[in-house]
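Participant:
Residue numbers (our numbering): 30 to 169.
This is how it looks when you write it as structure tokens:
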């Protein structure tokens, strides 16, 4: 039997449990990630996939996106990197991104800037779920 991991947040003593729909979205995103991204970015998202050593540009550690882009991740901005609307040199030229035409449902990487497809949204939800907690130095 497979159990879904449901994200839980403890806030001021209140236990908040994410909806099953959110957990399902993260799981769908995880499956997409494993199929399309893990070979370069690694199973853990750490940039250490089996193909990484062959690349000129090392893959990003996707667990640290929130350090650069904030937490929660800006869905549209991250989606633009994934679906080809924003240039990521390591992903290849816009006319032939490394994942192939149509994988992310935007023809030729051109989609409405304020909207992401459900597949890309699932992947962004998964990336959000693997963000490393930010540790701050003590001010003693």
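For each residue, glycine too, the CB sits at the ideal point set by N, CA and C.
Exposed or buried, which one is residue 187 when buried takes at least 16 other CB atoms within 10 Å?
Facilitator: For the chain, the structure presents residues 30 to 169; residue 187 sits outside this window and is missing.
Participant: In whole angstroms, what separates the C-alpha of residue 125 from that of residue 117?
Facilitator: By one-based count along the chain shown, residue 125 stands at place 96. By one-based count along the chain shown, residue 117 stands at place 88. No answer about residue 125 holds up, because its pLDDT of 47 lies below 50 and its placement is not dependable.
Participant: In whole angstroms, what is the alpha-carbon distance linking residue 112 and residue 149?
Facilitator: On the chain shown, position 83 is the one that residue 112 refers to. On the chain shown, position 120 is the one that residue 149 refers to. Taking the straight line from one Cα to the other gives about 7 Å.
Participant: Smallest Cα separation from residue 159: which of 64, 93, 97?
Facilitator: For this step, residue 159 is matched to residue 130 along the chain shown. Closest option to residue 159, Cα to Cα, is 93.
Participant: Determine, using beta carbons only, whether residue 119 and residue 79 come nearer to each other than 8 Å.
Facilitator: Here the question's residue 119 lines up with position 90 in the chain shown. Here the question's residue 79 lines up with position 50 in the chain shown. With contacts defined by Cβ atoms closer than 8 Å, residue 119 and residue 79 do not form a contacting pair.
Participant: Measuring CB to CB, does residue 66 end up less than 8 Å from residue 81?
Facilitator: Against the chain shown, residue 66 aligns to sequence position 37. Against the chain shown, residue 81 aligns to sequence position 52. Cβ atoms of residue 66 and residue 81: not closer than 8 Å.
Participant: Can you give me the Cβ contacts of residue 107 inside the same chain, cut-off strictly under 6 Å, excluding the 5 residues immediately before and after it?
Facilitator: As a working note, residue 107 is residue 78 in the chain shown. Excluding sequence neighbours, residue 107 sits near 153.
Participant: Among 163, 161, 162, 151, which residue has its Cα nearest to the Cα of residue 63?
Facilitator: For the purposes of this step, residue 63 is taken as the residue at position 34 of the chain shown. Minimum Cα distance to residue 63 is reached at 151.
Participant: Is the CB-CB distance between residue 155 and residue 59 below 8 Å?
Facilitator: Along the chain shown, one-based indexing puts residue 155 at 126. Along the chain shown, one-based indexing puts residue 59 at 30. Taking 8 Å as the Cβ cut-off, residue 155 and residue 59 qualify as a contacting pair.
Participant: Thinking C-alpha only, which one of 49, 72, 74, 157 is nearest residue 105?
Facilitator: Here residue 105 refers to the residue found at position 76 when the chain shown is read from its first residue. Shortest Cα-Cα distance from residue 105 to any of 49, 72, 74, 157 involves 157.
Participant: Just the Cα atoms here: how many angstroms apart are residue 91 and residue 109?
Facilitator: In the chain shown, counting from the first residue as 1, residue 91 sits at position 62. In the chain shown, counting from the first residue as 1, residue 109 sits at position 80. About 15 Å.
Participant: With DSSP as the reference, label residue 66 as helix, strand or coil.
Facilitator: If you number the chain shown from 1, residue 66 lands on position 37. Under the three-state reduction of DSSP, residue 66 is assigned to coil, being neither helix nor strand.
Participant: So what's residue 76 in DSSP terms, helix, strand or just coil?
Facilitator: Counted from its first residue, the chain shown places residue 76 at position 47. It is coil, neither helix nor strand.
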